[in-house]
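Reviewing the structure listed below.
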Amino acid sequence: MLATVLVSSLPALAGDGGAILKIANVNATRGQTVAVPVGAETMDIIGAFGFNAMPVGLSVDEVLYNGPIFSNGWEGWDTSPSDNVRVDAACIFTEDQIAPGDHPLVGLVIDVPESLEPGTVIPILLANVQFFNYDFSIPTLEALDGSITVFRTADLNGSGSVEAADIGLMIASWGAVKKSSIADLNGDQVVNGLDLGRLLDRWATEG
C-alpha cells in the first residue's frame, strides 16, 4: 500500500497563513537503520508544532532533534520508541519562533528488517498534526505522508564497502533475472540502470 498524500498548492495556503508538514520519501537498505527527515513549509511565524508518525509494520526507535531550530531555543519531546510516535516541540523565547519558509525539523530513526523483500514500500503516516502561530492562532494544515523504499545491499561481494568490484559483479549479472540475483537491488527482476544508480548512490558506504 502506498502512502496517502494530501496535496495542496502553496498559493492556496499563502492567503490564510497555512502550513504543510511533510515526511520525506527515502530509500534504505534492508538490515540497516535510516533517519527519515520531517520538515515543514510555513506561511507565517510558527511557535510550536506536534504530530504523530506511524511507519506501517515498523516502529520509530528514536527522534533526532537535528533541525537548525533546536540549536536556537527550541525544545522537543516524544514518545519513542513507538509504532505511533508522538512528537511535540515549542520555542522557549519569542525571538526563536520559525519565520515563514521551508524548514527541516526532526529525523525519525527506523530499523529496516533484513527480512523485507527488495522493492517493499513502507508508508509512514501522519496524524494529529498541530501548528501554532506566534499569536497562538491555528493555521490551515496539510500533511504529506512519507515512505521508505527497501533495497538489497549494494555491497555485492560482502567486502564491507561498495567499490569497483561490486560494479563488475553487477555488470556480469546485467539483464533479466532468471533466479534471485544479489545484483537486482530493487527487486524488479531485472538488473539495469536503476540498480546501477542505487549502487553509485551507496558508493564507499557499507551498502
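Residues in the sequence shown are numbered consecutively from 6, following my numbering.
All C-beta atoms in this analysis are idealised placements derived from N, C-alpha and C, irrespective of residue type, glycine included.
query	result
Entirely within the segment 89–167 and at least 3 residues each: give me those beta strand (DSSP E) ranges in chain order.	90–96, 106–116, 126–138, 146–149 and 151–156
Please say whether G198 and F156 have beta carbons closer to each other than 9 Å?	no
Roughly how many angstroms separate the alpha carbons of L110 and P86, rounded to a whole number?	18 Å
Can you grab the Cα-Cα spacing for the pair D160 / I115, in whole Å?	21 Å
If you drop the 5 nearest sequence neighbours on each side, which residues of the same chain put their C-beta closer than 8 Å to that of N138?	G22, D49, I50, I51, G52 and P144
If we ignore side chains and look at the alpha-carbon of each, how far apart do P16 and C96 end up?	Low per-residue confidence applies at P16: pLDDT is 35, beneath 50, and the placement is therefore not dependable, though the value from the model is reported in the following sentence. For P16 and C96, the distance between alpha carbons rounds to 27 Å.
What is the C-beta distance between D150 and L121, in whole angstroms, given that I count them as a contact (C-beta under 8 Å)?	D150 to L121, Cβ: 19 Å. No contact.
Buried or exposed: where does D171 fall if 16 or more other Cβ atoms within 10 Å of its Cβ makes it buried?	buried
Does DSSP classify G44 as helix, strand or coil?	strand
From which residue to which residue does the beta strand (DSSP E) around I28 run?	A24 to I28
Pick out whichever of N77, N89 and I25 has its Cα sitting closest to the Cα of D101.	N77
Taking Cβ to Cβ, would you say V90 is nearer than 9 Å to A45?	no
Can you check which of these residues, V68, E168 and R203, is closest to P42 by C-alpha distance?	V68
Using C-beta distances below 6 Å, list every residue in its chain close to G55, excluding the 5 sequence neighbours before and after it, in chain order.	D93 and Q135
Looking only at DSSP bridge pairs, what is V38 linked to?	Here residue 38 turns out to be Thr, not Val, going by the sequence shown. Partner(s): D116.
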